Amino acid sequence: MKRNKPYKIIYIQGYGHSGTTILDILLGSSEDAFSCGELTFINRAGIADEFCSCNNRIGQCGFWSPVMKSWSGKSPLSLKDYKKLRNLFEGNSNYLRVLRNQFFPSKNFKAYVESTEYLYDAIYDNCGKSLIIDSSKQATRPFALTKFAEVQILHICRNFRGVLNSEKKNVVVDLKEGVESASPPKRTAKVLLDWFISNLACACTIVFFKGSRIHFRRWIVQPESLLKHCKYLEHDFYERELNADHMLAGNKIRLLPNQKLRSTVDTNYQRLTRSQNFFGKTVEILTPFWSK
Ligand SMILES: [Zn+2]
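To convert a position in the sequence shown, counted from 1, into our numbering, add 62.
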C-alpha cells in the first residue's frame with residue numbers, strides 16, 4: 063500500500079508562531095503541489111463556519127465540500143468517531159501512546175490510520191496534485207501518515223524570542239479576518255515549556271523518520287535553501303506569487319492574495335520587556351540547535 067500512492071506528502075511540524083503557515087503557502091506555490099493548511103483540524107467543532115483561503119466558509123468551499131462528502135462516504139469511521147481517535151493519537155501529550163502504536167498498533171490506531179488515508183485519497187482525487195502539503199504542526203501525526211504514503215517531514219524551528227514576542231500579542235476572535243480562536247498574551251514560563259516540549263517531540267519524530275530541521279530565520283531570507291530538503295519542488299518555486307487555494311485553519315496570512323515572501327527577519331522584539339529579552343536570549347544560547 064505505502065509508496066504506491068500517486069501522491070507524496072510534505073508534512074510541516076513545529077511550534078506555533080514559527081512560520082508553518084507561510085512555509086505551507088510557499089511550498090504550495092510549486093506547480094504540482096497543494097497546500098491543505100492544518101489538516102488535523104478538518105472536523106473540529108465549528109470548522110464549517112471558519113474561512114478557507116478561497117474566502118468561502120469551509121462548509122461552502124467548492125473544494126472541501128466534495129472532499130468531506132467523498133471522505134465520509136468511504137471512511138470506516140463516522141466523523142464523530144474519527145474526532146475521538148484524533149484526540150487520542152494527536153498532540154504531544156499522546157506522544158508515548160502513538161510511539162507504542164508504532165510497534166504494537168491497536169485496533170483504534172489502525173482505524174485512525176485507515177480513515178486518514180481515505181481523507182488524503184479524497185484530497186488527491188479532488189486536487190490532482192502529486193504533492194500534498196499538511197502543516198498540522200503536531201509531532202505525532204507522521205506516525206499515521208507514514209503508514210500509507212511517502213512523507214517528507216520538515217521540522218521548522220524559530221528562535222525563542224521570536225516565538226515569545228508573537229505569544230505576547232493579545233489576539234481576539236475575528237472569523238472574517240481568519241482568526242478562529244482567541245489567544246491572550248501567554249506567560250513566559252508557559253511559552254518556554256510548550257516551545258521546549260513541542261521542539262523536543264518534533265526532534266524525536268525527525269530522528270525516527272529521517273526528517274529535516276529547518277530554521278525560520280534562515281529559510282525566510284534564503285527560500286532556495288529549501289530545495290535541498292524538498293527534492294520534489296521545482297527549482298523556481300520561491301519566485302512565484304504566493305496564493306493559497308484552499309487552506310484551512312492556520313495563520314490568517316493564508317486569506318491574503320498575491321503575497322510576496324518578505325526577505326528580512328524582524329529582530330525587534332517590541333512586546334518583550336528588557337528582562338524577558340534577556341531571558342529569551344539566554345534560552346537561545348542554551349538551545350542553539352533550535353535557535354539559529
Ligand atoms: Zn476553499
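Backbone N, C-alpha and C define an ideal beta-carbon position, used for all residues, glycine too. Everything numeric in this text was worked out from a predicted model, so none of it was measured.
| Item | Value |
| --- | --- |
| DSSP beta-bridge partners of His-277 | Cys-219 |
| Check: Phe-340 C-beta below 7 Å from any heavy atom of ligand 1 | no |
| Beta-carbon contacts of Gly-342 that lie in its chain and below 6 Å, excluding the five residues immediately before and after | Phe-222, Arg-223 and Leu-226 |
| Contact test: Asn-118 Cβ vs ligand 1 heavy atom, cutoff 7 Å | yes |
| Whether Ile-71 touches Ala-173 by CB criterion (8 Å) | no |
| Whole-number beta carbon distance between Lys-248 and Arg-333, since they are thought to touch under 8 Å | That pair is no contact at about 11 Å. |
| Beta-carbon proximity list for Trp-281, same chain, < 7 Å, skipping 5 on both sides | Ser-287 and Leu-288 |
| Reference Ser-155, options Arg-203, Arg-336 and Asp-298, closest by Cα | Arg-203 |
| Distance cut-off 7 Å: Trp-126 Cβ against heavy atoms of ligand 1 | yes |
| Entirely enclosed alpha helix (DSSP H) segments - the stretch 173-240, minimum 4 residues | 204-207 and 222-229 |
| contact_flag[the stretch 178-189, the stretch 108-123] where n(CB pairs < 8 Å) is 3 or more | no |
| Boundaries of the alpha helix (DSSP H) in which Cys-75 is found, first to last residue | Strictly speaking, residue 75 in this sequence is Gln, with Cys absent from that position. No alpha helix (DSSP H) contains Gln-75, which is instead part of the beta strand (DSSP E) from 70-75. |
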